[in-house]
Every structure is written in structure tokens, then in C-alpha cells.
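Trainee:
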């Protein structure tokens, strides 16, 4: 009855001129990234339960996890650990995916947000000037960028924010809320969101720290079956559990922020944009009207995550656990290759840095481990320099999931050159040409 009433109320709001839209994106692939696709399908089911119309939700997800040969519960995804299969909630059931596989790209994401059906080739935002839009992006990232499957294509923060600006100029929303789960997610919005843009962004981490996977290891158990990957992301699990716990009670965005900030104890949840004007808004303005939601606590094997892993280390953790469980040569080789790949990333970053710093290998290696400036915030010259060198790195060296940490190195080099991209571009060309020709880089 309550759920039906909520749906009816939602329909009345739409008739009166206000509508609700959502874009949900899981930007990764690979079974070790199980959590991202579980997060997004969970978000989809939550919105539907809270009265969202399915045709007003656009979902982008590679969709290679549920039916992976590595999934012990084939065709299903779980975002929480559950005591029994009878209580377990399969978030993949009913999860409608509009763009999958290689369709999940930065250009298509921008097209979906912009309402550009011709470029997107499918469903896009059809929101109007009086509408509320919710964007939930879950994936890997780096300083100033968010990544897409395989990490080979990235979207720069400058392009993302300019897209949000263009959407508002086109009359595509009254207010927009953006929940972002990536490493260094705070760097996407810090100093870039115009003060007059009605956008509120909540990020899983600040500009220089990782986000965290959760319900990992011994916690990743559903009905007695162990899932060899983290089930969720700490920030994402926390905001959705908070919404479910609120049920039909009213909750403001300030209340949700306060609760999620407290529970997300491995990183710093950050707010950006028009924070003060959004804080009195109800979560229902973006996450759908309060319906009759099941309480998540009853059937969970543990409501408080006991095991969380730094997102940057989840693949390594996954391969290590796989080796421990099997002990075979193939697992050992995969683990060894991952360790070597991580070392190679550090060497590549040091090589680029050394070339900008006058050939000093020691200083190059030191810069790779350096932190962002204490008062990090984008300026126009820094954003332009970073966008330029990020693009060049992608074309010349190639981005990958493991190389996303180098986005910070490129930022520090732009900072060193006072926003002059030329020396950094030359260093990228030289370093990646040397690597392609097999030159040994000593750091």
C-alpha cells in the first residue's frame, strides 16, 4: 500500500512538471571488479523500488561478471553477504542494461548525459529544465579522470564538468546530484564546478586517496558460498544501505552525507558544488520517493563490513587469494605478471618525470611517490595542461587500469612547469618511444 501510494505521488509530481531521471554507470570489467557491477545493479533495483520509472533510468555496464565462469553463483550478483540463499537478494535480477560491452565508452557516456541519441545509438536522458537528475558512476579513476572498461579510455574532469554545464544551458535539469565512486574522486570536482551551477557532488574519496572495496575475503559469502571477489564498494554500499534503512521515513541529503561519511572510514567522503542549497533537499528528490523497501540488516551475515581492501590493490589481492586457493602454475604466473606490471608502471612514471626534471632519475622516482599540493584545486591553466597531457599519454603510451595512478604524476609535472604542457608532452613521447623500442629504463 505504501509503495503504491509512493508511486502515485511520484506520478503526480511528474504531471505537475517535475520529473526524475538517473544515469548509472559501472565503468570496469573483469571478475575481480565484481563489486562495480553489483553496486550499479543494486542502485538500479533501489531506484525502481523507490518509484523510478524504468524508462527514465539509463544503465551502462560491461556485463561480464554475472555469467563469468569464475562466478560460483552463475547468473547472479550480490552486493551484500547473506546468511542463507533464501534471504539473499540477487541484484542482477531485473537489472536492465542499456549499454554493455564495448558500448561503455566516455563518448557514449557524454552523449547519454547530453541527450544526444544519434551519437549514443540508444537511450539517452530526456530530462527537462524542471527535472531532477541523479548520476551514479562507479569504477576506477585517477587524479582528474574517470576510467572505462580495461581502463584504456578515460574521461577528463574538465570534459565532464563542461558537459554538466552544457546540460544545464540546454535546460536538462533543475538540480543534478552526482555520486562518484573512484580513487581520487575528489579531484574530479575540486575547484572546477562553477558556483552558479545547480550541481551537488558526493565523492567516495578526496583528491589523493583510494576508494575501498568492501565485503571482501571472508566477508564475501552468500548462503555459505564464497565469492572470490569483493561484493561492493564501501562508499556505495553505505549510501544504499542508508537509503534502504530510511525506508519510508524522510531523510535529507545532509543526513545521508553525515551517515555515509561516518561509515566510510577508510577514505574521506567529500562534498562539492552547491552544497548548502542541496542539504535540505530530501534524498527522495533524486533517489525516488520513499517506498516499502526491505530492511537490509535482517538477513545479512554482517551488516558492518569487516574486510575492506584498497581499490588499487584489489586485483593483486584477488590474484593472491586465487593462487593460495589453487597453488597452480597458471595462478602463480598471473600473480607474478601483476607484480611486474605494477613495477613497470612505477618505472614509466619515473622515466617521464625524470625527462621533465632534467634527466635526474632519482628525482623522477621521488616525484612518482610525491603527494599532491596541500591546497589542491584546479586552475584554468592546470586543467588545460593536465587534459592535454592525459590525452597525449593515452595516445602515445596507452592508459590501462594499472596506469591510472600516473594521472597524479602528470598533474605534478604540470604543476612543476607552471601549466606549460610542452615539456611534459615531449617527455611522454620520449619515454613511451623508448619503451616501445625496448630501452631499459633505470630508476
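Numbering (our numbering), first residue to last: 3 to 445.
Just so you know, even glycine gets a beta-carbon here, dropped at the ideal spot from N, CA and C.
Going by beta carbon distance, what residues of the same chain come within less than 8 angstroms of residue 441, once the five residues before and after it are set aside?
Mentor: Residue confidence is low: residue 441 scores 45 on pLDDT, short of 50, so the model does not pin down where it sits. No coordinate-derived value is stated.
Trainee: Beta-carbon separation of residue 139 and residue 29 under 8 angstroms?
Mentor: A contact, by the Cβ cut-off of 8 angstroms.
Trainee: Using the three-state DSSP reduction, which class does residue 31 fall into: helix, strand or coil?
Mentor: The answer is coil: DSSP assigns residue 31 none of H, G, I, E or B.
Trainee: Inspect the CB distances between the stretch 266-276 and the stretch 201-211 and report whether three or more fall short of 8 angstroms.
Mentor: Touching, yes, given that three or more Cβ pairs across the two stretches are closer than 8 angstroms.
Trainee: Output yes or no for whether 8 angstroms exceeds the beta carbon distance between residue 289 and residue 136.
Mentor: Closer than 8 angstroms, so yes.
Trainee: Excluding the five sequence neighbours on either side, which residues of its own chain have a C-beta within less than 6 angstroms of the C-beta of residue 62, listed in chain order?
Mentor: Around residue 62: 27, 101 and 106.
Trainee: For residue 433, collect the residues of the same chain with a Cβ closer than 8 angstroms to its Cβ; drop the 5 residues on either side in sequence, then sort them by chain order.
Mentor: Correct list, in chain order: 350, 353, 354, 357, 399 and 443.
Trainee: Taking its Cβ as the centre, do 16 or more other Cβ atoms sit within 10 Å of residue 341, making it buried, or is it exposed?
Mentor: So residue 341 counts as exposed.
Trainee: Looking at the strands, I want to know which residues DSSP matches up with residue 239.
Mentor: Answer by DSSP bridge pairing: none, since residue 239 is not bridged.
Trainee: Buried or exposed: residue 360, going by 16 or more other Cβ atoms within 10 Å of its Cβ?
Mentor: So residue 360 ends up on the exposed side.
Trainee: Since residue 151 and residue 64 are thought to touch, with beta carbons under 8 angstroms apart, how far apart are those beta carbons, to the nearest angstrom?
Mentor: 5 angstroms between Cβ atoms; contact.
Trainee: Give the DSSP-derived three-state secondary structure of residue 429 in the structure shown.
Mentor: In this structure, residue 429 counts as helix in the three-state DSSP scheme.
Trainee: Looking at the unbroken beta strand (DSSP E) that takes in residue 178, where does it start and where does it end?
Mentor: It spans 177-183 - the beta strand (DSSP E) in which residue 178 sits, taken as one unbroken run.
Trainee: What is the DSSP secondary structure of residue 442, counted as helix, strand or coil?
Mentor: Only weak support is given to the placement of residue 442: the predicted model assigns it a pLDDT of 42, under 50, and the value that follows is read from those uncertain coordinates. Looking at residue 442 - three-state DSSP - the assignment turns out to be coil, as it is neither helix nor strand.
Trainee: According to DSSP, which residues form a beta bridge with residue 273?
Mentor: For residue 273, which the question treats as bridged, DSSP gives the partners 204.
Trainee: Less than 8 angstroms between the beta carbons of residue 48 and residue 179, yes or no?
Mentor: No. Outside cutoff.
Trainee: Cutting at 6 angstroms between CB atoms, please list the residues of its own chain near residue 175, excluding the five before and the five after it.
Mentor: Answer for residue 175: 129, 133 and 135, listed in chain order.
Trainee: Short check: CB of residue 411 to CB of residue 374, under 8 angstroms?
Mentor: Not a contact, by the Cβ cut-off of 8 angstroms.
Trainee: Going by the DSSP bridge assignment, what does residue 134 pair with across the sheet?
Mentor: DSSP output for residue 134 lists 22 and 177 as bridge partner(s).
Trainee: Can you tell which of 209, 286, 232 and 235 has its C-alpha closest to the C-alpha of residue 254?
Mentor: The option with the nearest alpha carbon to residue 254 is 286.
Trainee: Give the single residue among 239, 251, 386 and 42 whose Cα lies nearest to the Cα of residue 264.
Mentor: Per the Cα distances, 239.
Trainee: Would you mind reading off the limits of the alpha helix (DSSP H) that contains residue 121?
Mentor: Where residue 121 is concerned, the enclosing alpha helix (DSSP H) stretches over 119-122.
Trainee: Using a threshold of 8 angstroms, state whether the C-beta atoms of residue 75 and residue 224 are closer than that.
Mentor: Taking 8 angstroms as the Cβ cut-off, residue 75 and residue 224 qualify as a contacting pair.
Trainee: Could you say if the stretch 113-123 and the stretch 89-97 meet the contact criterion of at least three C-beta pairs nearer than 8 angstroms?
Mentor: Contact fails: fewer than three Cβ-Cβ distances are below 8 angstroms.
Trainee: Check each candidate in 33, 22, 308 and 428 and name the one with the smallest Cα separation from residue 229.
Mentor: Cα-wise, what sits closest to residue 229 is 33.
Trainee: Starting from the N-terminal side, write out each stretch of the alpha helix (DSSP H) that is 4 residues or longer and does not extend beyond the stretch 312-388.
Mentor: Listed in chain order, the complete alpha helix (DSSP H) runs (minimum 4 residues) inside the stretch 312-388 are 316-328, 331-358 and 363-370.
Trainee: Out of 23, 396, 415 and 326, point me to the one whose CA is closest to residue 366's CA.
Mentor: For the residues 23, 396, 415 and 326, the minimum Cα distance to residue 366 belongs to 415.
Trainee: By alpha-carbon positions, which one of 67, 245, 22 and 77 ends up nearest to residue 55?
Mentor: For the residues 67, 245, 22 and 77, the minimum Cα distance to residue 55 belongs to 22.
Trainee: Write down every uninterrupted run of the alpha helix (DSSP H) in the stretch 62-115 whose length is 4 residues or greater and which is fully enclosed by it, in chain order.
Mentor: Within the stretch 62-115, no complete alpha helix (DSSP H) run reaches 4 residues.
Trainee: Drop a sphere of 10 angstroms on the beta-carbon of residue 17, count the other beta-carbons inside from all chains shown, and report buried for 16 or more, exposed for fewer.
Mentor: Caution applies to residue 17, whose pLDDT of 39 falls short of 50 and renders its modelled position unreliable; the value that the coordinates give is listed next. Result: exposed.
Trainee: Hey, how far is the Cα of residue 312 from the Cα of residue 318?
Mentor: Each residue's Cα considered, the two are about 10 angstroms apart.
Trainee: How about residue 194 and residue 145: do their beta carbons lie closer than 8 angstroms?
Mentor: Going by C-beta atoms, residue 194 is not nearer than 8 angstroms to residue 145.
Trainee: What residues in its chain sit with their C-beta under 7 angstroms from that of residue 430, if we drop five residues either side in the sequence?
Mentor: Same-chain partners within the cutoff: 354, 391, 394, 395, 398 and 399.
Trainee: Could you tell me which residues DSSP pairs with residue 144 in its beta bridges?
Mentor: In DSSP, residue 144 forms a bridge with 147.
Trainee: For residue 169, count neighbouring Cβ atoms within 10 angstroms of its own Cβ and tell me buried if that reaches 16, exposed if not.
Mentor: Buried, since its Cβ has 16 or more Cβ neighbours within 10 Å.
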